[in-house]
Amino acid sequence: HVTVLGSVNMDLVTTAHRLPEPGETVLGTGFHTGPGGKGANQATAAARAGANVTFLGAVGDDAFAPELRAALDAAGVDTDLVRETAGPSGIAAITVDAGGENSIVVVSGANATVYTLTEPELDRIAETDVLLMQLELPLSTVTDAAAHARRSDTLVILNPSPVQPLPDSLLDAVDVLIVNETEARQLIATARVPYVVTTLGAAGAHLLGPDLDMTAPAPPVDVVDTTGAGDAFAGTFAACWYRGPEVALRRAVAAGALAATRPGAAAAPSAAEVDAILARH
Ligand code: ADP
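Take any residue in the sequence shown, count from 1 to its spot, add 3: that is its number in full-length UniProt numbering.
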């Protein structure tokens, strides 16, 4: 059982020939909305990878809230403990130009209201096997949850994104850190964490553990859009941890590569799709 404590956003995606300059208006070429947020994306990926998944976080009381909840429900994620708070849900206003360059404004909304964890939330963190978190909720909440998980023998996986300095009190309670190369360079204090996974884009990922030092290459794929590849990786890794770090790494790399072949942030593959690509390579 995997519990994800994290963000859930509605992505508002506008496409235009070019990004507007400050003060300028341009006519767009398309618009769509879709569920996002690293927490929700990783919860969805873990569920597709076959885990039983609980999502902990918050939506607002706006029109996006039921849609965001329904998207998690449809992925088979347990949303019973998801909070509904007054005010807007988290959103990401994304503009993409014809060359794929983007500009993004994230408004945390309900995500920023997740401070003191409730008794049912703490109980769920204590009962679950793996707690998976990112840094799109208040850092103090992530730190408190990690400490509680540590006390309860729940494995803590942290994907420290968006990257920021991590307090020792957080690192002390983390078992596995999943970072990309940029994050790895910015976090030099990672040595104290038992397992460090560094994702390497097209080169796959590296896992350094107490008695493990391995690289899993990514299978060759036709890349369409790498958005969401990192979230597919993290969710799959958490879901497969119980099969051992090496299996988790291989399956996560394959899931990340498959996600890169699909547009959008919610691109995680099923366990069967991961089986199929691993059988071919
Ligand atoms: P992030 O997207 O978080 O910056 P990476 O770029 O390292 O992280 O990608 C995460 C994972 O997604 C990689 O470990 C790999 O499994 C997969 N991936 C990303 N880009 C590619 C690619 N071009 N080809 C194959 N797999 C990829």
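Virtual Cβ for every residue (Gly too), placed ideally from N, Cα, C.
{"Check": "Span of the alpha helix (DSSP H) around Val250", "Outcome": "248–263"}
{"Check": "Any non-hydrogen atom of ligand 1 within 7 Å of Phe236 CB", "Outcome": "yes"}
{"Check": "The segment 258–278 touching the segment 217–227, judged by at least three CB pairs closer than 8 Å", "Outcome": "yes"}
{"Check": "Endpoints, the beta strand (DSSP E) within which Val182 is located", "Outcome": "179–183"}
{"Check": "Heavy atom of ligand 1 within 7 Å of Val277 beta-carbon", "Outcome": "no"}
{"Check": "Stretch pair the segment 10–28 + the segment 196–215: three plus CB contacts closer than 8 Å", "Outcome": "no"}
{"Check": "Classification of Leu30 by the beta-carbon crowding that lies within 10 angstroms, buried from 16 upward", "Outcome": "exposed"}
{"Check": "Nearest candidate by alpha-carbon position, reference Leu75, set Thr98, Ala49, Ile94, Val99", "Outcome": "Ala49"}
{"Check": "Member of Glu24, Gly33, Gly39 whose CA lies at the smallest distance from the CA of Ala101", "Outcome": "Gly33"}
{"Check": "Cβ contact (3+ pairs, closer than 8 Å) linking the segment 140–149 and the segment 34–41", "Outcome": "no"}
{"Check": "Given 8 Å, three or more beta-carbon pairs between the segment 153–165 and the segment 51–71", "Outcome": "no"}
{"Check": "Cutoff 7 Å; reference Thr116; Cβ partners in own chain excluding five residues on either side", "Outcome": "Ala61, Thr88"}
{"Check": "Ligand 1 site residues, beta-carbon cut 6 Å against heavy atoms", "Outcome": "Asn183, Thr202, Leu203, Gly204, Ala205, Gly207, Ala208, Ala221, Val224, Val226, Thr229, Ala232, Gly233, Phe236, Val256, Gly259, Ala260, Ala263"}
{"Check": "Spatial neighbours of Thr270 in its chain, beta-carbon cut-off 7 Å, leaving aside the 5 residues before and after", "Outcome": "It is worth fixing the name first, because residue 270 is Ala in this sequence and not Thr. Excluding residues within five positions, the ones whose Cβ falls inside 7 Å are Gly231, Ala235, Ala262."}
{"Check": "Start and end residues, beta strand (DSSP E) containing Pro38", "Outcome": "31–39"}
{"Check": "Among Val177, Asp171, Leu210, Leu173, nearest to Glu184 - alpha-carbon criterion", "Outcome": "Leu210"}
{"Check": "Any non-hydrogen atom of ligand 3 closer than 7 Å to Glu184 Cβ", "Outcome": "For ligand 3, the structure offers nothing, since it holds only ligand 1."}
{"Check": "DSSP-derived helix/strand/coil call for Ser92", "Outcome": "coil"}
{"Check": "Per DSSP, cross-strand counterpart(s) of Leu134", "Outcome": "Thr6, Val159"}
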